[in-house]
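Sequence order for the protein chains is A and B. Residues in the first sequence are numbered from 1 upward in steps of one, following our numbering. Residues in the second sequence are numbered from 1 upward in steps of one, following our numbering.
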Amino acid sequence: MKIKKVIAVSLLPLNVLLLFFLIVSSKIMVPAWLQVPGRTHPMLLHFPIVLVLLYAAWVLCSPRSSRQQPYWNPIEDSLLLGAAVTAALTALTGFLLSREPGYDEGMLSWHKWWGAGLSFLLYGLYAFKPAVSKPMGIKMGALTGTLVLLVAAHFGGNITHGENFVWAPVTPTGEHTAPPLEEAMVFNDVIKPILDSKCMSCHNDSKAKGELILATKEAILQGGKSGHLWDTTKEDLGLLMQRLHLPETAKKHMPPVGKPQLTPMEINLLKAWVRGGSLFDKKVLELPDGDTLKTMAASLLHSAEEATYDFEPADDGKIRSLSNNNRMVSPVAVGSPALAVNFYNRAFYTTKELEALNAVGEQIVSLNLDRMPVSDADLATVARFRNLRKLSLNFTAITGSGLAQLKQLGQLKSLSLTGTPVNADQVKDLQAMERLKALYLWNTGITEAQQQTLATSAPTVHYYYGFKDTAILKIIPPVIENESLVITDPVPLKLKHYIGGSEIRYTLDGKEPDSLHSPLYSDGIVLKNTVLVKTKAYHKGWIASEVVQKQFYRSGLKVDSILLATEPEAKYKGKGAQLLIDRDKSEPNFGNGKWLGYHGRPVIATLLFRHPATVNNVTISMIKSVDEHIFPPAAIQIWGGRDSLRLKLLKTITPPAPGMKDRSKDNIAFSGDFTPTPLQCIRVVLKPIGNIVPWVKDKKAKSWLFIDEVFVN
Amino acid sequence: MLEHGLTHNRRRFLSKLGMGLGSVALGSLLIPDLFKDDPAEAIMAGLPRFAPKAKRIIYLFQNGAPSQLDLFDYKPKLQQMHGQDLPASIRMGQRLTGMTSGQEHFPLAGTIFKFGEYGQARAQISELLPHTASVVDDLCIIKTLYTEAINHDPALTFFQTGAQVGNRPSMGAWLSYGLGSENKNLPAFCVLLSKGKGNGQGVYGKLWTNGFLDSMHQGVQFSSGENPVLYLNNPESIDKADRRRMLDKVAELNEASYAEFGDPEIKTRIQQYEMAFRMQTAVPEITDMSREPESIVKLYGPDCLIPGTYAANCLLARKLSESGVRFVQLYHQGWDAHDNLPGQIVGQCKDVDQSSAALITDLKQRGLLDETLVIWGGEFGRTNYCQGKLTKDNYGRDHHPRCFTVWMAGGGVKPGVYGETDEFGYNIASNPVHVHDFHATIMQLMGLDHEQLVYKHLGRRYRLTDVAGNVIKDLIA
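See the structure below:
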């Protein structure tokens with residue numbers, strides 16, 4: 001109890017000392033050794049806070065019955081005494097600390113007087129407690145003490161942590177709303193926001209750590225205790241950059257450990273700014289092109305061209321109810337009030353479907369009605385969507401007479417009218433729209449001369465006329481659709497062309513088709529015999545196509561069996577002799593297993609019928625590809641008779657050797673006609689050419705023969 | 001009542017139960033955004049995170065890897081040093097493919113094609129691409145893409161899915177997942193294939209897979225035959241009304257089994273049946289080319305009406321895109337010119353030049369280019385040295401991952417030429433763009449943050465850019 005008494009006695013001198021300090025405060029110089037107790041203030045202050053609150057809780061909240069208990073009074077007394085003495089000590093140390101530089105006078109003096117006031121009040125409460133008998137009085141005292149404590153502590157907190165420290169994370173910050181790039185200032189809109197968010201909490205008017213204030217241009221230029229912030233003559237650009245670049249653990253690193261650090265982007269911005277001469281009054285766009293700061297700033301700021309919307313969002317449910325499979329209504333981004341609307345499915349569209357959008361008319365910024373049967377009258381509805389920026393009416397049913405209604409759309413920037421019959425006068429009328437920047441007019445009724453006049457009368461609008469159909473191109477050839485090249489029964493010739501309105505001309509006699517003599521293709525042409533079909537397309541405004549051709553082979557009689565007297569090369573024997581009579585004509589690709597290949601040797605094949613047949617033609621299908629040494633045979637002999645022992649020569653064909661220019665790889669066919677003869681056995685002999693033509697590479701090699709089919713008619 | 005999500009997955013159930021409220025408090029420490037808008041919810045809403053520059057993508061993939069050195073990246077040095085060996089100091093130990101690793105010499109091969117300078121950016125473009133050169137002012141030509149893979153399949157898979165091994169979702173699937181479909185009558189992700197005459201490389205379904213994402217995000221392949229979308233037509237003797245009745249019944253059954261099992265794939269299945277039903281009307285309308293004006297045929301080239309050609313696919317891509325298909329992926333095969341490159345590349349360029357440029361012109365004249373991103377490029381580049389025998393006017397080029405050219409147009413990209421390669425066209429001199437960076441930038445243009453669009457699978461969160469990728473802001477207008 002002795003200690004309690006000592007403390008109680010010391011209360012008076014402590015408060016007197018405090019009062020004395022306060023009165024002569026301006027004259028006091030605090031020596032260095034006294035700064036040490038002064039700096040215990042931030043630690044000590046927790047004691048009075050806790051003790052005052054405990055005391056108040058004890059006095060105000062303990063049940064009435066407990067007041068009669070023997071322990072109640074000693075505890076109440078101890079709490080109050082503790083609160084009073086720690087408050088006095090805290091106030092004294094606080095006073096010592098307040099004499100150190102770097103604090104804002106205004107905030108500090110409020111804190112000082114309220115803190116000292118708390119100390120006096122608590123001393124008073126303790127000293128006059130015996131005189132107060134009513135519990136009500138004590139309660140009032142405790143309550144007042146708490147209130148004074150809260151006020152003093154609040155000011156103290158503001159000094160240490162900055163104003164609104166506690167609520168800042170959830171207070172809507174009213175973030176620095178960056179102006180559009182076109183107006184942005186280098187310092188105010190690029191550099192200052194960084195200082196504000198990362199440096200200002202310690203370097204402001206009320207708390208200037210290191211005597212540095214970053215609030216105004218003048219203060220920044222003045223620098224702090226250690227000198228000016230930058231020195232562009234130095235390689236490291238001076239103090240500011242040094243401090244920012246120190247390792248985070250270094251004592252002098254800024255911002256100090258535990259405070260929000262600058263991002264690399266922010267450091268680079270500051271660096272570029274300092275290096276570029278720390279400009280205060282220049283616009284970003286006034287910086288030279290290619291300037292690092294300009295490039296970085298431009299990526300941070302948004303151009304005024306980019307839309308910002310100031311209208312209220314529409315009701316979520318409404319948006320959802322308007323969206324369906326044929327009409328998409330959706331915000332342009334998460335949290336944006338602006339809506340984009342697209343229509344799909346012509347069949348669904350009615351004026352009503354468009355009018356339904358009135359419910360969100362204010363929020364629509366982009367509307368796409370491409371290919372919908374939108375009428376001129378419908379544009380009255382569209383004209384009510386007054387925040388519309390982009391409107392697309394490509395290939396709609398508008399005639400242009402309703403366009404004037406769109407002039408109400410004061411925000412409209414882009415209007416697409418391609419594929420509609422709008423005329424130059426109607427478009428000229430739209431030039432009155434101030435914000436209109438782009439007009440898409442491809443495939444409309446505007447002539448080239450009118451395009452010139454439009455361009456000169458409103459140079460701020462960009463007109464897009466798109467592709468000019470002036471080139472004259474070669475049209476693609478027709479397609480011969482008949483797939484099977486073997487005609488067993490008469491089949492209709494099927495030609496088609498992918499581009500509508502093309503003329504298809506053809507020949508069946510091997511001549512090149514032309515637009516004068518060759519017949520126009522129509523349905524009903526029937527292929528009966530072996531024939532070479534050549535066809536070519538013509539189209540107004542185009543160059544005539546290349547010729548395409550297809551060789552068809554008539555196979556009137558089915559051969560029952562076949563024997564080969566000479567074997568094909570092992571690599572090219574496919575499924576054997578049967579191949580030649582399977583009525584399957586193949587592409588000229590000798591490796592596909594549908595061809596028999598002979599290297600420097602003749603082909604001798606014997607075809608047999610079970611019953612005698614009257615034959616007047618044998619056709620042999622082969623490949624010609626000079627560069628691969630595949631040549632037509634030197635001679636073809638067709639023999640026939642009742643059986644293999646009684647054959648007589650029916651026909652000899654001597655194919656011409658291919659010319660020097662004839663080097664493509666083609667199907668070739670050799671057809672031998674003879675007088676109709678009843679036969680049961682046919683022998684075909686193909687003799688290879690002796691020497692390869694001298695103009696082919698590797699001319700000493702032997703020639704190849706490739707054969708895939710023998711047709712008998 | 002517990003959600004199905006909790007009941008059908010024991011691990012999830014236990015983890016939810018075990019952590020309870022505590023997890024909310026702890027979670028808010030670990031995931032700072034816990035109490036803000038739930039990003040997953042926003043994804044469910046299928047909306048961009050911020051105002052997008054591009055709404056749709058048409059990706060003209062040049063499969064097999066076109067030679068940047070013969071098309072966009074002009075290197076006179078190679079012509080001067082034609083036939084001399086690539087200095088080792090330039091190659092710097094670059095890994096080689098099995099096709100040239102046995103080669104003793106790496107003779108430099110200068111292009112035999114002439115280059116011209118075009119447009120405001122004075123971009124160098126080969127004589128092989130006259131139409132592309134005519135739209136150069138709309139192009140953002142990136143000369144410095146680089147990749148990690150050196151063979152076709154991994155490189156292609158990497159470009160499409162952000163990983164060299166298969167089974168991750170394709171870019172189109174990610175965008176479908178992140179942004180949803182604009183037009184509910186068509187899939188959000190469509191795929192079109194075509195083949196040139198040059199040496200081709202395979203294209204497989206895994207390139208347009210949904211991976212671990214919901215199967216509704218899978219790419220739908222349109223083919224050139226009578227049925228552009230397989231199995232879409234009603235079988236004979238089933239008419240639309242029959243089909244409708246059948247679907248209603250099937251949906252009832254599916255709903256019943258959903259009520260019992262709660263598997264979300266059942267809901268997806270119902271939606272897919274419904275979409276297929278709507279596609280039965282929408283697809284024939286889109287694939288019908290007969291209504292296109294003749295000037296369009298001239299613009300894209302006469303091949304554009306022959307189904308299955310690259311030109312036809314470009315035209316179809318435009319029609320799909322303007323009908324709200326989020327991502328149209330084209331593949332054109334035949335660029336893999338290991339030998340006889342000069343011969344092969346002429347044909348390939350003829351296939352793609354006019355119609356690629358036409359697509360840009362066509363979108364532009366409809367006012368769609370500013371919201372449609374067109375991308376043209378292969379899976380890697382080709383070497384500056386010759387594979388096989390080098391002659392004065394013939395050479396082949398092997399695969400080269402260290403630098404190659406890709407162009408983009410429209411959709412908010414900044415026209416111009418980006419990045420420079422060294423004088424040998426072998427290494428990047430400035431402004432490299434990794435495939436991950438490329439993906440990140442594309443997603444940015446589409447209004448998505450590549451770091452936020454995640455999907456949790458097998459215990460970890462996946463992104464298209466995995467754990468890498470930086471948005472290249474200089475590419476964005």
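From the three backbone atoms N, C-alpha and C, an ideal C-beta is built for every residue, glycine too. These numbers come from a predicted model, not from an experiment.
Who are the Cβ neighbours of residue i in its own chain at under 7 Å, not counting the five residues just before and after it?
| i | result |
| --- | --- |
| Val-374/A | Leu-393, Thr-396, Ala-397 and Ile-398 |
| Cys-349/B | Leu-128 and Leu-129 |
| Phe-120/A | Asn-15 |
Excluding sequence positions up to five away, which residues of its chain have a Cβ less than 6 Å from the Cβ of residue i?
| i | result |
| --- | --- |
| Leu-279/A | Val-186 |
| Asn-617/A | Asp-673 and Asn-713 |
| Val-491/A | Leu-527 |
| Tyr-59/B | Gln-329 and Ile-375 |
| Gly-466/A | Trp-442 |
| Ile-525/A | Leu-493 |
For residue i, which three-state DSSP category applies?
| i | result |
| --- | --- |
| Ile-472/A | coil |
| Ile-28/A | coil |
| Val-491/A | strand |
| Val-61/A | The sequence as given places Cys at residue 61/A; Val does not occur at that position. Correct three-state label for Cys-61/A: helix. |
| Phe-212/B | coil |
| Tyr-177/B | helix |
| Ala-613/A | strand |
| Glu-100/A | coil |
| Glu-709/A | strand |
| Thr-396/A | coil |
| Phe-165/A | coil |
| Met-99/B | coil |
With 16 as the cutoff for other CB atoms within 10 Å, does residue i come out buried or exposed?
| i | result |
| --- | --- |
| Glu-478/B | The requested residue 478/B is not part of the displayed model; chain B covers only 1 to 477. |
| Thr-405/B | buried |
| Ile-375/B | buried |
| Asn-15/A | buried |
| Met-289/B | buried |
| Ala-133/B | buried |
| Lys-700/A | exposed |
Pull up the DSSP beta-bridge partners for residue i, would you.
| i | result |
| --- | --- |
| Glu-266/A | In DSSP, Glu-266/A forms no bridge with anything. |
| Cys-199/A | Paired residue(s): none; Cys-199/A is not in a bridge. |
| Arg-397/B | Cys-386/B |
| Cys-140/B | Met-408/B and Gly-416/B |
| Asp-85/B | Pro-107/B |
| Cys-190/B | Val-220/B and Val-328/B |
| Gly-641/A | Leu-647/A and Cys-681/A |
| Trp-376/B | Leu-60/B and Trp-407/B |
| His-439/B | BP columns for His-439/B are empty, so no partner. |
Please compile the residues from chain A whose C-beta is within a distance smaller than 9 Å of the C-beta of residue i.
| i | result |
| --- | --- |
| Asn-185/B | Asn-325, Asn-326, Tyr-344 and Asn-345 |
Which bits of chain B does residue i rub up against, with CB to CB less than 7 Å?
| i | result |
| --- | --- |
| Ser-299/A | Lys-473 |
| Ile-267/A | Going along chain B, no residue has its Cβ under 7 Å from Ile-267/A, so there is no contact; the nearest lies around 17 Å. |
Can you name the residues of chain B whose CB is closer than 9 Å to the CB of residue i?
| i | result |
| --- | --- |
| Leu-406/A | What Leu-406/A touches in chain B: nothing, since even the nearest Cβ is about 15 Å away. |
| Ile-480/A | Going along chain B, no residue has its Cβ under 9 Å from Ile-480/A, so there is no contact; the nearest lies around 14 Å. |
| Leu-495/A | Within 9 Å Cβ-Cβ: nothing; Leu-495/A doesn't reach chain B, min ~15 Å. |
Please list, in chain order, the chain B residues whose beta carbon lies closer than 8 Å to that of residue i.
| i | result |
| --- | --- |
| Ala-333/A | Leu-47, Pro-48, Arg-49, Phe-50, Ala-51, Pro-52 and Gly-447 |
| Asn-443/A | Pro-293, Ser-295 and Gln-365 |
At 7 Å on the CB atoms, spell out the chain A contacts of residue i, in chain order.
| i | result |
| --- | --- |
| Glu-451/B | Those within 7 Å of Glu-451/B in chain A number zero; the least Cβ separation is about 15 Å. |
| Thr-144/B | The premise fails here: Thr-144/B is roughly 18 Å from chain A at the closest Cβ pair, so nothing lies under 7 Å. |
Take residue i and list the residues in its own chain whose beta-carbon comes closer than 8 Å to its own, dropping the five residues that flank it on each side.
| i | result |
| --- | --- |
| Lys-240/B | Asn-234 and Gln-280 |
Note down, in chain order, every chain A residue with its Cβ under 8 Å from the Cβ of residue i.
| i | result |
| --- | --- |
| Glu-322/B | Asp-370 |
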